[in-house]
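Input: a single structure, listed below in structure tokens.
Numbering (the numbering used here), first residue to last: 285 to 922.
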């Protein structure tokens, strides 16, 4: 406690002494200034003769007080001629009295004016001292972007857009810099941070302008708020208002099925054995290619061929194609594993409707005369089923935009809210890199960077982020995401103010040292990001504009379109869901895998796709063991 008392007392006394020194110095300067100003103004109003008259008058007044009224005092006339007057004549002379009064009045006026000027000067000096101290203590930016307020950023971008005569879209109240909507947008933030508010406002602007948008709507929020039956389209086999869709309407050549197959059957991160995925993709693409030559193939026909054909029928269908070596009657174990993977990812096709006017994403995008939104809606309970379909639809949309003619004025938005909830989209990276010249505008939203890394890998997540030049960082729910946001916002080099204090038993030991040091620091700290309120975030816009902290308001978008879910009755037959082939699967030694084993194998494969990476090897071993056990049973039966 003694040390704290000494330290505090010394510092306070030193501050008082320094404050006293400042005010004493100011007082001295003020007195000097007032004297100089008074003399200056007196010289402007009175002459030397006025001063002499004042002297003679007060000298005569002093003589009168001593009773020497008849004493003679030598004075001068205004012309400089010597005169001798009695004291009584001087103090009663009206002309001399007027000159005396005028001189006194002029002096007082000069003194008053000088005092006012001195007071104003002292106030200005106090402000300058305070300003200098404030400026010295401020950190000075040397290189890198700084942090500004939202109003300043808005004015900077509006001035930039005004020069280019461009009317932009807006994120909250912040306009996009001219033509940067096609440089894509990334919105990050935890649950409840405000992502849906920003995206809803953007969709409202898209509809008001009559541009096109493809909106991935995981929870059906945007469909309920913005769907217009007269202009918009819904793709969702479980939605009553949805349009029918057929894969064969989305391709112009058979080679297009390769990209669609990649979206339906994803290559999950960490897959150490890509053969099964590639084989399943090949079979799907080749089957679709063989059916493409026919006209009017329905969704149900495609499902029947892919999931219900016997091994011999499937082998005959792909004979002479790249899939012939995969579906080989002489190697049924390989065919079984591949077909079970097809059943896992393509069972969603059986829910597609065949009745009604079929909608084509590709044709809709290629037609510049159309407008409106395509809602790829989903719900929590059906999302796992719809994920392959939605991923394929987005893949088709991305590749269709890449087939358009180049245009700077076209705007086709692809809004992917909660991007990591989809399969890894094969063409997303290419789309972000190339669709800009065709008018494509991606808007991606994620809750945390770990979600994106889990889906696309560390490097893939970094690449996707780098291709989005407009970014909104809302509240982060974890420290890892907050650090990533902070690093992405960037650093700045500054001169940091540092003040040192010293004290001792003698006043000569007391002192203050002031210096500046160059340091590099993050523009926004990770703790500032985790501490953000809802509907508040850091905006980083394209074209090198500074970072700004922006707060936006909640907008109430009423749900005007309640969705009606279609109840689809499924066939109860086990051959529809579990069996890949309706007939027996012929083994290499002409024995068969019974129906029960086939069902077990498929169940294992389906469970495997939902497991984390460390458990997949165990499930693969179990799959092989099931087939080996069947072989042993067959030999025992013989």
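The beta-carbon is built from N, C-alpha and C at its ideal position, and this holds for glycine as well.
Mind checking residue i: buried by the 16 CB within 10 Å criterion, or exposed?
| i | result |
| --- | --- |
| residue 639 | exposed |
| residue 367 | exposed |
| residue 539 | exposed |
| residue 355 | exposed |
| residue 507 | buried |
| residue 449 | exposed |
| residue 842 | exposed |
| residue 363 | exposed |
| residue 312 | exposed |
| residue 378 | exposed |
| residue 653 | exposed |
| residue 873 | In this prediction, residue 873 has a pLDDT of 36, which is less than 50 and means its spatial position is unreliable; nothing more can be read from the coordinates. |
| residue 895 | Summary for residue 895: the model assigns pLDDT 46, below 50, so the residue's position carries little reliability, and this model does not support an answer. |
| residue 516 | buried |
| residue 567 | buried |
| residue 822 | buried |
| residue 435 | exposed |
| residue 492 | exposed |
| residue 301 | exposed |
| residue 299 | exposed |
Once the 5 residues before and after residue i are set aside, which same chain residues still bring their CB inside 6 Å of it?
| i | result |
| --- | --- |
| residue 581 | 532 and 575 |
| residue 820 | 835 |
| residue 410 | none |
| residue 814 | 760 and 766 |
| residue 397 | 325 |
| residue 804 | 775 and 777 |
| residue 631 | none |
| residue 860 | Note on residue 860: pLDDT 42, under 50, position unreliable in the model; the coordinate value appears next. Nothing listed; no residue qualifies. |
| residue 431 | 807 and 831 |
| residue 322 | 394, 395 and 398 |
Just to confirm my understanding: we take residue i, look at its own chain, exclude 5 residues before and 5 after, and list those with CB closer than 8 Å. What are they?
| i | result |
| --- | --- |
| residue 734 | 762, 764 and 765 |
| residue 433 | 832 and 833 |
| residue 480 | 505 and 701 |
| residue 752 | 467, 468, 469, 470, 716, 726 and 728 |
| residue 839 | 481, 484 and 485 |
| residue 289 | none |
| residue 608 | 599 and 602 |
| residue 837 | 819 |
Residues in its own chain within less than 7 Å of residue i by CB, not counting five upstream and five downstream?
| i | result |
| --- | --- |
| residue 326 | 390, 391 and 394 |
| residue 530 | 583 and 642 |
| residue 535 | 541 and 576 |
| residue 347 | 355 and 371 |
| residue 691 | 722 and 723 |
| residue 829 | 437, 440, 441 and 461 |
| residue 521 | 635, 636 and 637 |
Are residue i and residue j close, meaning C-beta to C-beta below 8 Å?
| i | j | result |
| --- | --- | --- |
| residue 641 | residue 527 | yes |
| residue 461 | residue 717 | no |
| residue 375 | residue 341 | yes |
| residue 679 | residue 710 | yes |
| residue 656 | residue 524 | no |
| residue 737 | residue 745 | yes |
| residue 473 | residue 731 | yes |
| residue 770 | residue 719 | no |
| residue 683 | residue 543 | yes |
| residue 662 | residue 645 | no |
| residue 649 | residue 696 | yes |
| residue 360 | residue 336 | yes |
| residue 429 | residue 454 | no |
| residue 671 | residue 706 | yes |
| residue 344 | residue 357 | yes |
| residue 748 | residue 757 | no |
| residue 458 | residue 439 | no |
| residue 587 | residue 634 | yes |
| residue 387 | residue 338 | yes |
In terms of DSSP beta bridges, what is residue i paired with?
| i | result |
| --- | --- |
| residue 365 | Looking at the DSSP assignment, residue 365 forms no beta bridge with any residue, so it has no partner. |
| residue 700 | 500 and 728 |
| residue 480 | In DSSP, residue 480 forms no bridge with anything. |
| residue 587 | DSSP lists no partner for residue 587. |
| residue 806 | 775 |
| residue 755 | 470 and 824 |
| residue 834 | 821 |
| residue 360 | 366 |
| residue 658 | 498 and 517 |
| residue 529 | 643 |
| residue 458 | 455 |
| residue 431 | 831 |
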